Amino acid sequence: MGEKDFTSPFSFLLLLFLFLSLFLHAKAFDEDVSGVGAGPLVKKEERRSLVATEYGEISATEIIDGMGALYHLQFLTLEPNSLFLPVLLHADMVFFVNTGSGRLSWVVDQDEMRRVNVRRGDIYRLQAGSIFYIQSSLAPERQKLRIYAIFANTEESPYEQSIGAYSSINNLVRGFDKKVLQAAFKVPEDLIEAITEGTKAPAIVHAGPTKEKTLWELEARFLKVFLSDTGGMVLSKKTRTFNILEADPDIENCYGRSTTVTRKNFDLLKDSNIGLFLVNLTKGSMMGPHWNPMATEMAIVLQGQGMVRAVCSSSANESECKNMRFMVMEGDVFTVPRFHPMAQMSFNNDSFVFMGFSTTRRRNHPQFLAGKRSVLQTLDKEVLAVSFNVTNTTIDQLLASQADSILLECDRKYVRKHTSFFYSTTLVYLVLVLIEL
Amino acid sequence: MGEKDFTSPFSFLLLLFLFLSLFLHAKAFDEDVSGVGAGPLVKKEERRSLVATEYGEISATEIIDGMGALYHLQFLTLEPNSLFLPVLLHADMVFFVNTGSGRLSWVVDQDEMRRVNVRRGDIYRLQAGSIFYIQSSLAPERQKLRIYAIFANTEESPYEQSIGAYSSINNLVRGFDKKVLQAAFKVPEDLIEAITEGTKAPAIVHAGPTKEKTLWELEARFLKVFLSDTGGMVLSKKTRTFNILEADPDIENCYGRSTTVTRKNFDLLKDSNIGLFLVNLTKGSMMGPHWNPMATEMAIVLQGQGMVRAVCSSSANESECKNMRFMVMEGDVFTVPRFHPMAQMSFNNDSFVFMGFSTTRRRNHPQFLAGKRSVLQTLDKEVLAVSFNVTNTTIDQLLASQADSILLECDRKYVRKHTSFFYSTTLVYLVLVLIEL
Amino acid sequence: MGEKDFTSPFSFLLLLFLFLSLFLHAKAFDEDVSGVGAGPLVKKEERRSLVATEYGEISATEIIDGMGALYHLQFLTLEPNSLFLPVLLHADMVFFVNTGSGRLSWVVDQDEMRRVNVRRGDIYRLQAGSIFYIQSSLAPERQKLRIYAIFANTEESPYEQSIGAYSSINNLVRGFDKKVLQAAFKVPEDLIEAITEGTKAPAIVHAGPTKEKTLWELEARFLKVFLSDTGGMVLSKKTRTFNILEADPDIENCYGRSTTVTRKNFDLLKDSNIGLFLVNLTKGSMMGPHWNPMATEMAIVLQGQGMVRAVCSSSANESECKNMRFMVMEGDVFTVPRFHPMAQMSFNNDSFVFMGFSTTRRRNHPQFLAGKRSVLQTLDKEVLAVSFNVTNTTIDQLLASQADSILLECDRKYVRKHTSFFYSTTLVYLVLVLIEL
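What follows is the structure in structure tokens.
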């Protein structure tokens, strides 16, 4: 009878309804999640690939900060002597150069073209509406140029998913009819056809031995040899980058180093809501438990592995917020919204380096739980004792032992345990990969 | 045949589809309405209970202002000599003390701890990121400390439902692994276990006869006896509250009193979008018809009962906006968005007192319909006559009789009618409650 | 069997589920699209009619800018000597007078009433919270007063669909109970009944030969004859309009004229995010390919027909953005979001005039593709060649021929082709209309 049902008119109607219904659902669900990184951890292999050519690659992911705003991250990799072709930037972009070197060229508001050399550790910002391109240098060490970029999303400079982060000028021109272009440029038909009907150039191409390139490489070498780091005479204030590797760290001890860059140390970030940070943890170290009252952190692992612990403790019953612990490796992205206490730890066998972007509203003072700078130190001890349901003596002991707040030694036993957790996780992961093959 | 259908494979498939479909719907609907007060009136008994202990209670509700922003309200009740344990505040909080007295202690931005005594009528504001706790005093009159708080929701200081208004510092610490805490605080395992594995303290506890408490009670008594109300020498500007009961009312006559507090009279509200108001209507009085061009009002009934009339007159055909009339009692919350004309009336047998928070953008001048200050007075009389489709004489008479605009005498007949409406409503309500029992 | 199924209990249950399911969907879909112009083009006949009386009409449409904000547009038409009755404005309104003349009267913040004469080409702005009415003049030429208005939607001055753009003061008063009004105005019952129970006046009525009207018409004539255009002595700064027809155009040549108005040339737009523009293309001309980095343009065709080409070239794979070409006629509205290159062309047989509103954040410099002011001119020629995959010579030729960037001659062949396209489209359209009849 079931068989027959499928052919009866009523059943047909039913199925029509059902498919319609499910189709509509599917659509609704698609719109909700389209391309957005699911949750606080985006593994390197979960990034979307946008471009993949012989000369370079671009991958991307989206992050939602704790306040509902969506941020777009891109990871550009240029082989030596390659060229990321000109694009029109749709949103403010702040970027960090992870490896290699090259030259950024851009024009904004019909001004003349500007150029700036960028290298490992450099930070720069381009405004929405700029047209820019990037050429990687052919340095002797042949290092790839790796750039990590965030596209800001504020009311002033919104990032709109429907038009993406930028569009190639190639597409801007080709989008018009041939006839419109012919009239606009006042040129013969065949010239317009050469432009619109040729093979499309990919986003990243070989740079080729152009005159200009050789020139600026000479210039760059010249600068490197003869000039000091500041080079104030040669590059105008507007076209100077900020090197986070050479900046004074906020804190540095035997457990690591932590540096932050905001509008205060880098002029170009002035009317931006983006800040940057770079944390380097030596083996078996920890960034002590802390939270940001006003900033969401989006971090990218540059080197090594680490453990991240993020706490979500809401007083709201209905909260879907969970405490989380995850291991992160090179290329992974992890997000911690404001008011979520966190701690980052390196393993016993490796250092753990990560940089990140923070989206700040108002001024942000990270708050630490342990050590001399702990917020607990300022609270009434008796009230704390009641709060934790322990004796006053316990509270006194808790707050007396540790001096440091920020960069701490990790508990050796803990690290060892997790180091073996790391090995076993990696093993399981490899086994799973092998099974899939 | 219907019976058999349930077991046929096709039917099974169908039901699967259907339940899936309905489940998805249910989910979608849940997300829309999760915890949000449905409409302009939230009865006292409709509030969500967050905490209920021997020593105090907390209930909450959410309000959506006319512009789509969600505001969270909390109602704290502490028994005398109780302690609301320290929490980390996730959003700007503005509060009003309805009854009782106590002391607020807080720390923000690693500054030293600040304390302020609060009592009936006091208004105060804490910034997002503060850690605070509140202790109710053991006054001879043994009054409960009742605090009504709003959590602001602006781009600068957003309220995020997913993490709620605050989290207890207890949970902030317990969210971490024992091992992380041990490394962070550099203390033995058993001490950390004492902290993390003991029974959790409830949000509100008995205050106990602590040294500190006695001290500040002495201090409070000292202040009360020896110092004037301003007490400028003892409390710094930053830690002074504003008492709305002692402030000069904007208007006062035999029909009642109305007081508003904005950033203009109270420094602490400076970069906040929250204002406050307190209205006291004597028996058979009315707050004249008026609207706010720039503010949404969220009012809480402090005493007595009243009638609220809110008009929603849109020119848009598709509007779902309705004119509304509702009776409100002590503890009820009612919301009137901007551009909705309203009038509040007390009954003949009781006064009607309500305070509220208003969320203002730009400056807000309430506009009154009747009396000398009526906006109608400034309009062209002939145009008004055409507008109301009456003679010029009717308009002249309409605008001539009433002098007052704000606090008026209620029509006796009207009040009497509604007073009986009140009694009958109450009766019906009681009957319904009895039936439920 | 199908027949019987409908009456079996199981089938009934199924259908119930299904209808419930579809009903819920329908509702969800309704909410998404309620009254919002679907896409970049809203034909004149697709506008919603709000009011249609003997003395005038109002139609409206909604536009979504590229950044998700919804803008409401209204088209007011008053017959000569008619009166748009007083309304309370819920959002900032900027308007343009397309034809005719009249007088705008308004009051804001309990200030005295202000009046300003408006005529063809005038621009004016009213603040949210104003009460205003408009009377069309009984000029000898008996032209209708046509006003095109946009209602701003910013965080500061949001437009809320649920309460619409304004509400009539008539409804503001009638929304209250008779008894409330009686108490508020302190007048006898019959007077209130005259106000609340009479026939409602429509939104637009005949103005009638009032004293006041005659007076201000005399005054207007007086001004016209005896005073220069500026008339500074008579009208205060606050009540002066800006006439876009008499303003200096940004550019003017034999192909047309383009004028923009922003907060820079017109004080009244100071804290508004709305700008205006007026473009007049002579026969067979083109507004050269260009884009706005910071503004969405919402244009209304005032006269003639034209072709609009809008390019959406995103680097994002998942983008639903499409290149578009559409013909527009008098009364049509077309929207081009920021970063979408566009070109507007007139046909060979008619000029093409359109005005529009632009919603700007930060300053906006339109970027042109062709001519001496082209952004391509500032980029490196070799990089451009690689980008377009053509020789350097081709790029040189492409950028050498055209001098103008903004107002250009349209390719004659192109225009001729499209002119015939226009005639055939119109024919098809007429045929379709006839069939429907």
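These protein sequence lines map, in sequence, to chains A, B and C. Residues in the first sequence are numbered consecutively from 700, following the working numbering. Residues in the second sequence are numbered consecutively from 700, following the working numbering. Residues in the third sequence are numbered consecutively from 700, following the working numbering. Ideal Cβ positions, reconstructed from N, Cα and C, are used throughout, including at glycine. Here the structure is a predicted model, which means the values were calculated and not measured.
Pairwise C-alpha distance: residue j and residue i
| i | j | result |
| --- | --- | --- |
| Gln773 (chain B) | Leu844 (chain B) | 14 Å |
| Val1089 (chain C) | Val786 (chain A) | 17 Å |
| His989 (chain B) | Lys742 (chain B) | 24 Å |
| Met1028 (chain B) | Gln860 (chain B) | 28 Å |
| Ser1057 (chain C) | Ile973 (chain C) | 6 Å |
| Val750 (chain C) | Pro1065 (chain C) | 37 Å |
| Asn979 (chain C) | Val1052 (chain C) | 4 Å |
| Asp949 (chain C) | Thr981 (chain C) | 16 Å |
| Asn1022 (chain A) | Thr898 (chain B) | 19 Å |
| Ser1104 (chain C) | Met792 (chain B) | 54 Å |
| Ser1045 (chain B) | Leu977 (chain C) | 56 Å |
| Met766 (chain B) | Leu788 (chain A) | 32 Å |
| Val817 (chain C) | Phe795 (chain C) | 9 Å |
| Ile846 (chain C) | Thr776 (chain C) | 6 Å |
| Pro1036 (chain B) | Leu1068 (chain B) | 17 Å |
| Pro1040 (chain A) | Tyr770 (chain C) | 41 Å |
| Ala893 (chain B) | Thr1093 (chain A) | 8 Å |
| Val904 (chain C) | Val1082 (chain B) | 10 Å |
Residue range of the beta strand (DSSP E) that includes residue i
| i | result |
| --- | --- |
| Asn797 (chain A) | Met792 to Thr798 |
| Leu977 (chain C) | Ile973 to Leu980 |
| Gln773 (chain B) | Leu769 to Leu777 |
| Gln1043 (chain A) | Met1041 to Ser1045 |
| Thr959 (chain C) | Gly955 to Val960 |
| Leu1083 (chain B) | That residue, Leu1083 (chain B), is in no beta strand (DSSP E); its alpha helix (DSSP H) goes Lys1080 to Phe1087. |
| Gln1002 (chain A) | Ala994 to Gly1003 |
| Gln834 (chain A) | Ile830 to Ser835 |
Contact check, residue i vs residue j, beta carbons under 8 Å
| i | j | result |
| --- | --- | --- |
| Thr895 (chain A) | Leu871 (chain A) | no |
| Glu1108 (chain B) | Ala902 (chain C) | no |
| Glu996 (chain C) | Glu854 (chain A) | no |
| Val1032 (chain A) | Ala998 (chain A) | yes |
| Ile862 (chain B) | Ser1013 (chain A) | yes |
| Glu945 (chain B) | Gly1055 (chain B) | no |
Alpha helix (DSSP H) segment containing residue i, residue limits
| i | result |
| --- | --- |
| Asp1095 (chain C) | Asn1091 to Ala1099 |
| Ile894 (chain B) | Glu888 to Glu896 |
| Arg873 (chain B) | Ile868 to Arg873 |
| Val807 (chain B) | Val807 (chain B) -> no alpha helix (DSSP H), and no H or E assigned at all. |
| Glu1108 (chain C) | Per DSSP, Glu1108 (chain C) belongs to no alpha helix (DSSP H); it is in the beta strand (DSSP E), Leu1106 to Glu1108. |
| Gln881 (chain A) | Lys877 to Phe884 |
Contact set between residue i and chain B, taken where Cβ atoms lie within less than 7 Å
| i | result |
| --- | --- |
| Ala893 (chain C) | Val1089 and Thr1093 |
Within chain A, partners of residue i - CB distance below 7 Å
| i | result |
| --- | --- |
| Ala848 (chain B) | Chain A residues near Ala848 (chain B): none, gap ~13 Å exceeds 7 Å. |
| Phe884 (chain B) | Ala1069, Leu1097, Ser1100 and Gln1101 |
Per-residue contacts from residue i into chain B (C-beta, under 8 Å)
| i | result |
| --- | --- |
| Val817 (chain C) | The premise fails here: Val817 (chain C) is roughly 17 Å from chain B at the closest Cβ pair, so nothing lies under 8 Å. |
Residues that residue i contacts on chain C, provided the C-beta gap is smaller than 9 Å
| i | result |
| --- | --- |
| Ser971 (chain B) | Correct list: empty, because the minimum Cβ distance to chain C is about 15 Å. |
Within chain A, the residues that residue i reaches when beta carbons sit closer than 9 Å
| i | result |
| --- | --- |
| Met812 (chain B) | Thr1077, Leu1078 and Asp1079 |
Contacts that residue i makes with chain A (C-beta to C-beta distance below 8 Å)
| i | result |
| --- | --- |
| Asn942 (chain B) | In chain order: nothing, as chain A lies at least about 26 Å away. |
| Gly987 (chain C) | Ala883 |
Heavy atom of the ligand PLP within 7 Å of residue i beta-carbon
| i | result |
| --- | --- |
| Thr895 (chain A) | The ligand PLP is not part of this structure, which contains no ligands at all. |
Partner residues on chain C for residue i, Cβ-Cβ distance less than 7 Å
| i | result |
| --- | --- |
| Asn1022 (chain B) | Gly874 |
| Pro992 (chain B) | Ala827 and Gly828 |
Contact set between residue i and chain B, taken where Cβ atoms lie within less than 9 Å
| i | result |
| --- | --- |
| Glu854 (chain A) | Glu854 |
Can you confirm whether the segment 821 to 836 of chain C touches the segment 794 to 810 of chain C when touching is taken to mean that 3 or more C-beta pairs between the two stretches lie within less than 8 Å? They touch, by the three-pair rule.
Using 8 Å as the threshold, is the segment 1062 to 1082 of chain C in touch with the segment 774 to 781 of chain C, meaning 3 or more CB pairs across them? Not touching, per the Cβ criterion.
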